[in-house]
Structures are given as C-alpha cells and as structure tokens.
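In what follows, a single structure is set out as structure tokens and then discussed.
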Amino acid sequence: MRDKVLKTLQELFDHYNNRKEKADCSSSSKTNMPGETWDDDYEKYIEDHDSGELDIEQLQAELATAVRGNDILICEVQHAVDNLSSMNHKLKDLELQMMKKDESISRLRSDLQECTKELTIMKGIQPKVSEERDALWEEV
C-alpha cells in the first residue's frame with residue numbers, strides 16, 4: 015500500500031513537472047494563465063486518470079496507514095535494538111563469569127598439582143618414617 019501511495023505521489027510530481035516544462039517551452043508563444051497553481055495541476059492530473067482511482071480521501075487514508083505502519087516498524091526496530099543491547103550486556107556478564115570460572119579452574123589445577131607433588135614426597139618419606147618408628151619400638 016505504501017508503494018502505491020509513493021507511486022501515485024511520484025506520478026503526480028512527474029505530471030506537474032511535465033506540465034511545467036511544457037509551459038516553460040511554450041512561454042515565448044503563450045503566457046501562463048494567472049492563478050494557475052499546483053491545485054489546478056492536481057485537479058487536471060486527477061481528471062486525466064480514472065476518477066475513482068485517486069480519490070483524495072483514499073490517498074489520505076492510505077498515507078495515514080503507511081505512516082502508521084512506518085511508526086510501528088520504527089517501534090519494532092527500536093525494540094529489537096533494545097533487546098540486542100540487553101543481550102550484549104548479558105553476553106558480557108557471561109563472558110566475565112566464564113573468565114572468573116576459568117581462573118578458578120586454573121587455580122584449582124595448580125593446587126591439585128601442588129598437592130600431588132606433596133603427596134608423592136610424603137609417599138617417598140613414609141617408608142623411612144615407618145622404618146624409624148619400627149626401630150624405635152624394638153628398642154623400647
């Protein structure tokens with residue numbers, strides 16, 4: 015519908031420009047009639063086309079509908095932009111949480127490696143300690 019309104023307005027504009035050019039070309043032989051205005055051209059344009067096709071009220075209604083549709087689209091686009099902004103914020107939060115969790119995992123792995131090393135050392139020391147203990151018990 016919007017395309018139809020735009021096409022009609024473009025046709026009206028083209029018609030007006032064509033009449034103006036013709037009037038300019040023939041101005042040397044014929045003077046423009048005083049009082050001939052855009053409204054006169056519009057009326058002639060309307061007469062040139064089917065009388066019921068370009069009813070001004072219909073054009074106004076179609077234009078109002080197109081404007082309303084445009085407003086709705088603008089609101090929907092703004093809503094989508096707002097949602098995108100919100101999702102971006104949530105994504106940044108999730109990325110930050112992932113970084114913190116990665117750091118925690120790295121720290122836990124490091125702690126596990128340290129504990130494993132200490133356990134290995136303790137396992138190496140434990141037989142010696144057990145031998146010394148057994149030796150002390152035998153002395154007592």
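The C-terminal position of the sequence shown is numbered 154 in the working numbering, with every residue numbered one higher than the one before it. Ideal Cβ placement from N, Cα and C applies to all residues, glycine included. Quick caveat, the model's predicted, so the values are computed rather than measured.
What separation, rounded to the nearest whole angstrom, lies between the Cα atoms of G138 and W151? On the sequence shown, residue 138 is found 124 positions in, with the first residue counted as 1. On the sequence shown, residue 151 is found 137 positions in, with the first residue counted as 1. So the two alpha carbons sit approximately 21 Å from each other.
From H93 to E76, what does the alpha carbon distance come to, in whole angstroms? On the sequence shown, position 79 is the one that residue 93 refers to. On the sequence shown, position 62 is the one that residue 76 refers to. Straight through space, the alpha carbons of E76 and H93 are spaced by roughly 25 Å.
Within 10 angstroms of the Cβ of V91, are there 16 or more other Cβ atoms? Answer buried if so, exposed if not. Here residue 91 is taken as the residue at index 77 of the sequence shown, counted from 1. Under this definition V91 is an exposed residue.
What does the alpha-carbon distance come out to for the pair C89 and Q72? Taking the first residue of the sequence shown as 1, we reach residue 89 at position 75. Taking the first residue of the sequence shown as 1, we reach residue 72 at position 58. Near 25 Å, if we compare the C-alpha coordinates of Q72 and C89.
Going by DSSP in three states, Q140 sits in which element: helix, strand or coil? On the sequence shown, residue 140 is found 126 positions in, with the first residue counted as 1. For Q140, the secondary structure class from DSSP, reduced to helix, strand or coil, is helix.
Determine the contact status of A80 and V19, defining contact as a CB-CB distance below 7 Å. Working through the sequence shown from its first residue, we reach residue 80 at position 66. Working through the sequence shown from its first residue, we reach residue 19 at position 5. For the 7 Å CB-CB criterion, A80 and V19 form a contact.
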